[in-house]
Amino acid sequence: MIPEEILASFREAFGERIRDERTIERKVGTVEPRSVYDVWIEVDRETLHDAVEHLCRHFNPHLSVISGDDLGEKVAFNYHFATGWGERYGEATFTIRTFVPKDDFRVPTITDLLPGAQTSEREKIEFFGLTVDGIPDDRNLFLPEDMTIHPWRKDLEEETSKEVRRTVKWEGRDE
Numbered sequence: 008m009i010p011e012e013i014l015a016s017f018r019e020a021f022g023e024r025i026r027d028e029r030t031i032e033r034k035v036g037t038v039e040p041r042s043v044y045d046v047w048i049e050v051d052r053e054t055l056h057d058a059v060e061h062l063c064r065h066f067n068p069h070l071s072v073i074s075g076d077d078l079g080e081k082v083a084f085n086y087h088f089a090t091g092w093g094e095r096y097g098e099a100t101f102t103i104r105t106f107v108p109k110d111d112f113r114v115p116t117i118t119d120l121l122p123g124a125q126t127s128e129r130e131k132i133e134f135f136g137l138t139v140d141g142i143p144d145d146r147n148l149f150l151p152e153d154m155t156i157h158p159w160r161k162d163l164e165e166e167t168s169k170e171v172r173r174t175v176k177w178e179g180r181d182e
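Each residue of the sequence shown is one higher than the last, beginning at 8 in the working numbering.
This is how it looks when you write it as structure tokens:
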């Protein structure tokens with residue numbers, strides 16, 4: 008899969024709604040050296056679902072994971088996909104990034120497009136405190152139900168550290 012084909016498709020479909028884009032070429036292999044590509048686009052969260060739907064409709068992606076990065080007043084959520092898998096030297100990674108302000112901390116679910124996204128979305132609910140609108144099951148998957156903090160939120164580090172010490176029983180400690 009040629010990264011330029013993917014980007015051209017997104018440019019045509021979304022135009023100005025793409026806030027940023029980039030392609031990173033990496034050289035891999037020693038016996039059969041070749042290039043692999045990491046393609047990134049940035050969209051507003053209002054465009055997120057449509058962008059994932061476009062990717063699913065045209066490029067048969069595999070969702071790898073949704074990652075997050077607390078940047079202070081907002082969190083960057085990166086939806087990492089692989090496209091072209093199964094084609095010899097055809098795989099490219101494709102990431103759709105959106106920024107979510109903490110004062111309106113919500114995104115739409117993509118589980119209607121990719122049911123397997125539920126695990127990653129639930130992780131973001133638990134660890135960041137994100138609201139995922141439309142997720143079919145938002146119960147905790149990783150953290151205890153009574154844990155009230157979100158460990159990956161940098162603005163809550165002091166509370167997080169106290170809560171983790173309270174919740175986790177350390178072997179050999181009486182606390």
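The beta-carbon is built from N, C-alpha and C at its ideal position, and this holds for glycine as well.
Would DSSP call residue i helix, strand or coil?
{"i": "I103", "result": "strand"}
{"i": "R33", "result": "strand"}
{"i": "H61", "result": "helix"}
{"i": "P115", "result": "strand"}
{"i": "R146", "result": "coil"}
{"i": "H69", "result": "strand"}
{"i": "T126", "result": "helix"}
{"i": "R95", "result": "coil"}
{"i": "T90", "result": "strand"}
{"i": "R41", "result": "strand"}
{"i": "I25", "result": "strand"}
{"i": "I156", "result": "coil"}
{"i": "D162", "result": "helix"}
Less than 7 Å separating the beta-carbons of residue i and residue j?
{"i": "K161", "j": "G75", "result": "no"}
{"i": "F66", "j": "T30", "result": "no"}
{"i": "A83", "j": "R104", "result": "yes"}
{"i": "H61", "j": "A99", "result": "no"}
{"i": "V50", "j": "R24", "result": "yes"}
{"i": "L14", "j": "E32", "result": "no"}
{"i": "I156", "j": "L148", "result": "no"}
Tell me residue i's beta-bridge partners as DSSP assigns them.
{"i": "N85", "result": "S74 and R104"}
{"i": "V46", "result": "T30 and F101"}
{"i": "D140", "result": "P115"}
Could you check whether the Cβ of residue i sits closer than 6 Å to any heavy atom belonging to the ligand SAM?
{"i": "R95", "result": "In the structure shown, the ligand SAM is absent, as is every other ligand, since no ligand is present at all."}
Taking residue i as the reference, give the member of the options with the closest Cα.
{"i": "P40", "options": "R95, R64, E23 and D27", "result": "R95"}
{"i": "F135", "options": "G36, A58, P10 and P108", "result": "P108"}
{"i": "E152", "options": "D140, L137, P143 and E133", "result": "E133"}
{"i": "G141", "options": "D119, L14, T37 and G123", "result": "D119"}
{"i": "S16", "options": "K34, R52 and R64", "result": "R64"}
{"i": "R26", "options": "F106, P158 and F149", "result": "F106"}
{"i": "D111", "options": "L163, P122 and E80", "result": "E80"}
{"i": "R52", "options": "W159, M154 and L137", "result": "L137"}
Legend entry - At least 3 beta-carbon pairs within less than 8 Å: the segment 39-47 vs the segment 64-81: Touching, no.
Inset, instruction - Count the C-beta pairs between the segment 111-121 and the segment 49-63 that are closer than 8 Å, then say yes if the count reaches three, no if not. - result: With a cut-off of 8 Å, the segment 49-63 and the segment 111-121 count as touching, because enough Cβ pairs lie within range.
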